[in-house]
Amino acid sequence: MTPRADPSESHKADKDFSTALHGAKVNGNPDGFLSKLTSKDTTLHSHAVESYSKFWENKQNDDKLLTDGSGEDLNNEDSRLKMYTQLTNTYYNLATDFYEYGWGQSFHFARKAIGESFERSIARHEHYLASLAELRSGMRVLDVGCGVGGPAREMIRMTGCHVTGLNNNDYQIERARQYAKRYRQEDHCEFVKGDFMKMPFPDNSFDAVYAIEATCHAPALEGVYGEIFRVLKPGGTFAVYEWVTTAAYDEQDPAQRQIILDVEKGDGIPKLFPWSTCLQALRTVGFEITSHEDLATTTVSNDYPWYEELAGGSMFSSMRGFARSNVGCVITNTMVSLLETVGIAPPGSLEIQKVLLTAADGLVKGGRMNIFTPMYTVACRKPEN
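Counting in the numbering used here, the sequence shown runs without a single skipped number right up to 1729 at its last residue.
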């Protein structure tokens, strides 16, 4: 499928910046964390860290406003919403290598059953969404916010469908393409640069669409859902794992609001919306909802909660498992600090590690309090006419 041409010069600027920051030849080794980290352009990396920090520099003002119940610092939140592409792109330019090092190639959570490996739980989570989206061999499928293509590759293995991955981050797109070659899936996938609020595809292009913890980066859910509705064929299915606040969340509680702010800052999200906003947005753009539930509260045989890996409570059986453990986080933090101090890692690397630890802390607290879920699961259909 040939994407519609995007006249925006910003795409070229994004590509040029990505190439200058990460290098013209992207490292296709999934385990090359140190080599990827130390090959960055130090000046551009420092600039990117500074740019990302500016989106949150008024955070103390947010806290002050919250303590007297007067609400948000709208100027700061407004800037994040208006500049959502820059916010998200900058975040993933800085965080992608850390994600792959600690989490693998599928950037999402999953509940883990007793005796189940982390990797198996991740794949099972993807398989469940594939069943909700009714993916089958021969279908043309869109993955909205595809990351480095981990879920897309699993969907292809499971169903034999063709997946188009949409992503606005050039570094992740290039890594996804490298992995497609590595795993010999080039004939079953393509990865396209584009803003999911203005998708570069014609109407009625895809048989099915799915999104895994990605549309939370949208400044308005109606906008991204409306684009999904447009490019989906009549009768086609859309399934999503959405990051939302739950019915238990009290926005007027300063402690709870701080937790959500930490999640937003730590994960490059302009604003998290309530679960009810998600459902209303889908209905508003025209979808017929066939099912919805919060998988975080669904358990069989006392499954480990989705945030268990971040809490450092599970035993590690691999290097990535070790990296996710409490001990691994301390060692990684120390290693990054040392490498930055001696000038091997680019300036700002430790700051990004701290941002990710802030995210982990907020996610664990939000999960334990049940005020946030990364797996509000919705399946819906575009009417035939």
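The beta-carbon is built from N, C-alpha and C at its ideal position, and this holds for glycine as well.
Quick caveat: nothing in here was measured; it's all calculated off a predicted structure.
Distance between residue j and residue i (C-alpha atoms, nearest Å)
i     : j     : result
Q1522 : D1514 : 12 Å
V1488 : K1542 : 12 Å
H1355 : N1548 : 24 Å
T1411 : A1599 : Low confidence applies to T1411: its pLDDT is 35, below 50, so where it sits in the model is not reliable, and the reading given next is rough at best. So the two alpha carbons sit approximately 9 Å from each other.
F1631 : C1724 : 6 Å
Y1593 : A1368 : 45 Å
Q1449 : V1699 : 20 Å
E1460 : L1510 : 31 Å
L1605 : I1500 : 36 Å
M1483 : H1561 : 27 Å
K1709 : G1612 : 18 Å
G1711 : T1589 : 10 Å
N1512 : T1429 : 8 Å
W1619 : K1380 : 37 Å
Element boundaries [beta strand (DSSP E), containing residue i]
i     : result
M1541 : Per DSSP, M1541 belongs to no beta strand (DSSP E) and is neither H nor E.
E1632 : E1632 to D1638
R1484 : R1484 to V1488
Y1648 : It is not in any beta strand (DSSP E) - Y1648 carries neither H nor E in the DSSP assignment.
Neighbourhood of residue i by C-beta distance below 7 Å, restricted to the same chain and skipping five residues each side
i     : result
Y1527 : R1497
Q1516 : Y1436, T1440, G1491 and V1492
E1478 : A1552 and T1581
L1431 : F1399, R1424, G1612 and P1614
Which listed residue (the options) has its alpha carbon closest to that of residue i
i     : options                       : result
G1610 : E1353, V1393, E1470 and A1704 : A1704
N1433 : A1357, G1367, G1459 and D1422 : A1357
F1573 : V1553, T1559 and S1475        : V1553
S1390 : L1378, A1364 and N1677        : A1364
K1456 : E1684, Y1648, F1535 and E1478 : Y1648
L1378 : A1625, P1690 and E1653        : P1690
Y1585 : H1561, A1555 and I1603        : A1555
A1474 : E1571, I1613 and M1502        : M1502
G1579 : E1728, S1362 and Q1602        : E1728
G1494 : I1458, S1481 and F1453        : F1453
S1481 : F1540, C1505 and S1383        : C1505
V1427 : L1476, S1395, F1451 and W1447 : The amino acid occupying residue 1427 in the given sequence is Met; Val does not appear at that position. Ranking L1476, S1395, F1451 and W1447 by Cα distance to M1427 puts S1395 first.
D1539 : A1558, T1589, D1385 and T1628 : A1558
K1384 : V1370, H1366 and A1583        : H1366
I1715 : I1696, V1722 and Q1596        : Q1596
L1701 : T1386, L1388 and G1446        : G1446
Residue i, enclosing alpha helix (DSSP H) - first and last residue
i     : result
F1573 : L1565 to V1575
T1387 : T1386 to K1398
A1555 : No alpha helix (DSSP H) holds A1555; the beta strand (DSSP E) holding it covers F1550 to I1556.
Y1515 : D1514 to R1526
CB-CB length for residue i against residue j, believed under 8 Å
i     : j     : result
H1532 : V1507 : 7 Å
V1288 : G1692 : Outside the shown range of the chain, which is 1345 to 1729, sits residue 1288, and nothing can be said about it.
Same chain only: Cβ atoms within 8 Å of residue i, ignoring 5 sequence neighbours per side
i     : result
K1577 : N1548, S1549, F1550, D1551 and K1726
L1694 : N1677, V1680, S1681 and E1684
K1615 : E1421, R1424, L1425, P1563 and E1608
Cutoff 6 Å; reference residue i; Cβ partners in own chain excluding five residues on either side
i     : result
A1640 : W1650, T1717 and M1719
I1466 : S1450 and A1454
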